[in-house]
Amino acid sequence: MADKKELLEKIKDSLIAGKAKDVDALVKEAKAQGIPAEEILGDGLIAGMDVVGQKFRAEEFYIPEVLVAARAMKVGIALIEGDLAKKPELSKGTIVIGTVAGDLHDIGKNLVALMLTGAGFKVEDLGIDVPSDKFVAAAKEKNADAVAISALLTTTMVNMKEVVSKLKAAGYKGKTIIGGAPVTAQFAKEIGADLYAEDAAEAVVVLKEALK
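Heads up: the sequence shown begins at 4 in the working numbering, then just goes up one per residue.
This is the structure we're talking about:
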């Protein structure tokens, strides 16, 4: 039987390698040994996704590897989420995420959602073609710490401005972060968004820092 440190390291390494079946077996073993869910999450699953994010930013991993790792992470989280739900203080914060109205692209948005979940955030994914009022309603209902707004078309970027404006008008006090292929840091400034991220890995880094 592996000791606790060794077992958590194996969970981390299996997640990085995208081996969902191994993650499933190891997390079950860790639970059977009585290792607390927060340690399985922090020292196993999140530690693994942190490495995946670093490798993605360094261009050692690409989207397929990240998606496979994220799938393995979801398997692990599913096994411990009941225990984690009893300890809401473990969450790093709640993020509402969606692709703006008129835009049906979701690969980038899904990747951000997966990586934020892997980093320990609670993520409320509104999907694609999301009207600005739905962003506002979800931000209020979920008491979100941040709203992440995605667009992949230059023609729908203008809808990001509408979301940010309506959130401000509704008195929303959390952070707004935008991203997507045509989006720039300059555009984020122009529309009054608090934060900008170039890719999914950067979104995790930026939000972790902003929501400390």
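Idealized CB from N, CA, C, for every residue including glycine.
Subject >> Coil, strand or helix - GLY51 by DSSP >> reply: As a working mapping, residue 51 is identified with position 48 in the sequence shown. Helix at GLY51.
Original post:
LYS8 lies in the alpha helix (DSSP H); which residues open and close that run?
Top reply: Reading the sequence shown from its first residue, position 5 is the one you call residue 8. 7-19 is the span of the alpha helix (DSSP H), which, as asked, contains LYS8.
Original post:
Hey, would you say LYS178 sits closer than 9 angstroms to LEU198, going by beta carbons?
Top reply: To locate residue 178, count along the sequence shown from 1; it is residue 175. To locate residue 198, count along the sequence shown from 1; it is residue 195. Result yes, Cβ atoms of LYS178 and LEU198 sit closer than 9 angstroms.
Original post:
Grouping DSSP H, G and I as helix and E and B as strand, with all else coil, what is VAL161?
Top reply: Working through the sequence shown from its first residue, we reach residue 161 at position 158. VAL161: helix per DSSP, three-state reduction.
**OP:** Ignore the nearest five residues each way along the sequence and tell me which others in ALA196's own chain have a CB closer than 6 angstroms to its CB.
**Re:** As a working note, residue 196 is residue 193 in the sequence shown. Hits under 6 angstroms: VAL167, THR179 and ILE181.
Subject >> Alpha-carbon to alpha-carbon, LYS13 and LEU129 >> reply: One-based indexing of the sequence shown puts residue 129 at position 126. One-based indexing of the sequence shown puts residue 13 at position 10. Their backbone Cα atoms lie some 34 angstroms apart in a straight line.
**OP:** Note the first and the last residue of the continuous alpha helix (DSSP H) segment covering ASP136.
**Re:** Within the sequence shown, residue 136 is the residue found at index 133, counting from 1. Here the alpha helix (DSSP H) through ASP136 covers 135-144.
Original post:
If you drop the 5 nearest sequence neighbours on each side, which residues of the same chain put their C-beta closer than 7 angstroms to that of GLU42?
Top reply: Against the sequence shown, residue 42 aligns to sequence position 39. If we look at GLU42 and ignore the five residues flanking it on each side, its Cβ neighbours are LEU11.
Subject >> Endpoints, beta strand (DSSP E) assigned at LYS125 >> reply: Position 122 of the sequence shown, counting from 1, holds the residue named residue 125. Note, LYS125: beta strand (DSSP E), 125-128.
**OP:** Could you tell me whether the Cβ atoms of SER17 and ALA104 are closer together than 9 angstroms?
**Re:** Sequence index remark: in the sequence shown, residue 17 carries index 14 (1-based). Sequence index remark: in the sequence shown, residue 104 carries index 101 (1-based). Taking 9 angstroms as the Cβ cut-off, SER17 and ALA104 do not qualify as a contacting pair.
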